[in-house]
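Visitor: Going by the numbering used here, the sequence shown wraps up at 333, each residue one higher than the last.
For every residue, glycine included, the Cβ atom is placed at its ideal position computed from N, Cα and C.
Here the structure is a predicted model, which is why all the values come from computation and not from measurement.
Sending over a structure as structure tokens; questions will come in a sec.
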Amino acid sequence: VGAGWIGAEVAGVAAGAGAHVTVVEAADAPLEAALGEVGALTTAWYAAAGVRLLLGTRVDEVRADAVVLEDGRTVPADVVLVAVGARPRTGWLGDALPVAPDGALVVDERYRVVRADGPLHHVVAVGDVARRRSPRHGWVSGGHWDGALRGPAAAVRTLLGVPAGPVDDPAPYVFSTQLGHELALYGHPLPTDDVVLRRGDDGFTALWFRPGSSELGAVLAVDRPRDVATARRLFTGPALPRLDRDAAADDARPLKAAALA
Ligand SMILES: Cc1cc2nc3c(=O)[nH]c(=O)nc-3n(C[C@H](O)[C@H](O)[C@H](O)COP(=O)(O)OP(=O)(O)OC[C@H]3O[C@@H](n4cnc5c(N)ncnc54)[C@H](O)[C@@H]3O)c2cc1C
Numbered sequence: 073v074g075a076g077w078i079g080a081e082v083a084g085v086a087a088g089a090g091a092h093v094t095v096v097e098a099a100d101a102p103l104e105a106a107l108g109e110v111g112a113l114t115t116a117w118y119a120a121a122g123v124r125l126l127l128g129t130r131v132d133e134v135r136a137d138a139v140v141l142e143d144g145r146t147v148p149a150d151v152v153l154v155a156v157g158a159r160p161r162t163g164w165l166g167d168a169l170p171v172a173p174d175g176a177l178v179v180d181e182r183y184r185v186v187r188a189d190g191p192l193h194h195v196v197a198v199g200d201v202a203r204r205r206s207p208r209h210g211w212v213s214g215g216h217w218d219g220a221l222r223g224p225a226a227a228v229r230t231l232l233g234v235p236a237g238p239v240d241d242p243a244p245y246v247f248s249t250q251l252g253h254e255l256a257l258y259g260h261p262l263p264t265d266d267v268v269l270r271r272g273d274d275g276f277t278a279l280w281f282r283p284g285s286s287e288l289g290a291v292l293a294v295d296r297p298r299d300v301a302t303a304r305r306l307f308t309g310p311a312l313p314r315l316d317r318d319a320a321a322d323d324a325r326p327l328k329a330a331a332l333a
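Spelled out as structure tokens, the structure:
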């Protein structure tokens with residue numbers, strides 16, 4: 073249940089091991105919550121991997137031997153994996169710290185937990201529980217391994233009182249192997265962004281530009297190691313990189329050639 077990052081990964085591995093797999097997804101495309109319209113570009117991968125994909129379909133009930141869909145249909149199942157997202161469970165904090173409605177702790181760019189009257193200087197949060205203010209990308213939620221790996225060093229510097237110097241602002245990064253494809257997402261796509269595609273024989277790269285601007289907010293490279301290396305370098309400056317949209321869409325030219333000074 074769920075064609076997000078985890079549902080897609082498990083479906084591909086299970087089908088590859090010989091299982092009959094059906095993926096039931098409420099949205100109209102896989103990965104829609106994370107990638108918006110770009111998620112639809114992964115739809116064909118399911119049939120190619122021998123996985124049945126039911127889109128725009130909600131689950132009503134899980135029984136011992138089947139999944140019952142909202143439209144009354146039944147999908148027989150020996151094993152049901154529910155992969156519909158995760159939320160921090162922070163109710164136990166009570167009133168000790170301010171908790172956002174989704175359970176996250178809101179932190180500033182130095183991982184300090186933020187209260188209405190400003191950041192606390194002695195409490196940091198990092199990893200899945202934290203939603204961080206990135207100077208480059210805006211609000212970035214947890215949920216991925218890279219943030220849990222790279223955040224702690226900066227958070228500890230804050231606790232030790234050595235926050236001087238530039239803010240360590242790692243770009244959000246997600247990797248995933250899905251149904252035989254390698255995905256790497258750098259940055260933070262917004263639903264309001266304009267999407268530009270680079271397509272070649274070997275895969276595709278999607279670029280999310282801020283509306284009407286040359287400011288690049290995120291890059292998804294699918295089966296394109298060259299573009300992965302460029303994307304990693306693009307999101308290392310203090311601000312979002314600027315790219316020429318037409319040059320970025322031209323797959324005959326390297327992506328880095330589209331960068332504007
Ligand atoms: C099935 C699965 C697959 C994933 N695959 C990927 C992937 O391919 N790539 C990727 O980037 N990310 C992936 N992730 C996400 C990644 O695992 C997390 O982002 C990362 O583990 C977050 O680290 P963390 O330390 O913040 O939280 P966690 O690793 O969840 O650690 C939190 C720990 O705190 C404990 N805990 C919670 N509440 C309390 C409490 N009240 N008292 C005491 N202990 C408590 C928990 O038991 C847990 O041990 C995946 C996650 C899942 C579930």
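Under three-state DSSP, which class holds Glu81?
Guide: Taking the first residue of the sequence shown as 1, we reach residue 81 at position 9. Reduced to three states, the DSSP call for Glu81 is helix.
Visitor: Pull up the DSSP beta-bridge partners for Asp266, would you.
Guide: Here residue 266 refers to the residue found at position 194 when the sequence shown is read from its first residue. According to DSSP, Asp266 bridges with Phe281.
Visitor: Would you report the Cα separation of His226 and Pro310, rounded to the nearest angstrom?
Guide: Numbered from 1 along the sequence shown, position 154 holds the residue referred to as residue 226. Numbered from 1 along the sequence shown, position 238 holds the residue referred to as residue 310. The sequence given here has Ala at residue 226, not His. Going by the C-alpha atoms only, they are around 16 angstroms apart.
Visitor: Say whether the stretch 103 to 119 touches the stretch 184 to 196, bearing in mind that this needs 3 or more beta-carbon pairs closer than 8 angstroms, one atom from each stretch.
Guide: Judged by Cβ distances under 8 angstroms, the stretch 103 to 119 makes no contact with the stretch 184 to 196, as fewer than three pairs qualify.
Visitor: Please return the same chain residues whose Cβ sits closer than 6 angstroms to the Cβ of Val154, not counting the five positions on each side in sequence.
Guide: As a position in the sequence shown, residue 154 is number 82, starting the count at 1. Val73.
Visitor: Once DSSP output is grouped into helix, strand and coil, what is the label at Tyr118?
Guide: The residue given as residue 118 occupies position 46 in the sequence shown. Tyr118: helix per DSSP, three-state reduction.
Visitor: At the level of alpha carbons, what is the spacing between Ala116 and Ser285?
Guide: As a first step, residue 116 must be located in the sequence shown, where it is residue number 44. As a first step, residue 285 must be located in the sequence shown, where it is residue number 213. Using only the alpha carbons, I get a separation of about 31 angstroms.
Visitor: Would you identify the three-state DSSP class for Gly275, choosing helix, strand or coil?
Guide: Looking up residue 275 in the sequence shown gives position 203. Residue state, collapsed to three classes: strand.
Visitor: Just curious, the beta strand (DSSP E) that Pro191 is in, first and last residue?
Guide: In the sequence shown, residue 191 corresponds to position 119, counting from 1. Start and end: Gly190 to Val196.
Visitor: Identify whether Val73 lies in helix, strand or coil by the three-state DSSP scheme.
Guide: On the sequence shown, residue 73 is found 1 positions in, with the first residue counted as 1. Reduced to three states, the DSSP call for Val73 is coil.
Visitor: By Cβ distance, which residues of its chain are closer than 6 angstroms to Ala197, with the 5 residues on each side in sequence left out?
Guide: One-based indexing of the sequence shown puts residue 197 at position 125. The residues are Leu177, Val179 and Val185.
Visitor: Quick one: give me the first and last residue of the alpha helix (DSSP H) that Trp164 is part of.
Guide: Looking up residue 164 in the sequence shown gives position 92. No alpha helix (DSSP H) contains Trp164, which DSSP labels as neither H nor E.
Visitor: Determine the closest residue to Tyr118 out of Arg135, Ala98, Val139 and Thr94, with distance taken between C-alpha atoms.
Guide: One-based indexing of the sequence shown puts residue 118 at position 46. Nearest option by C-alpha distance: Thr94.
Visitor: Tell me which residue opens and which closes the beta strand (DSSP E) that Thr249 is part of.
Guide: Mapped onto the sequence shown, residue 249 falls at position 177. From DSSP, the beta strand (DSSP E) with Thr249 extends over Tyr245 to Gln250.
Visitor: Does the stretch 236 to 256 touch the stretch 281 to 295, meaning 3 or more C-beta pairs lie closer than 8 angstroms?
Guide: Verdict: yes, contact present.
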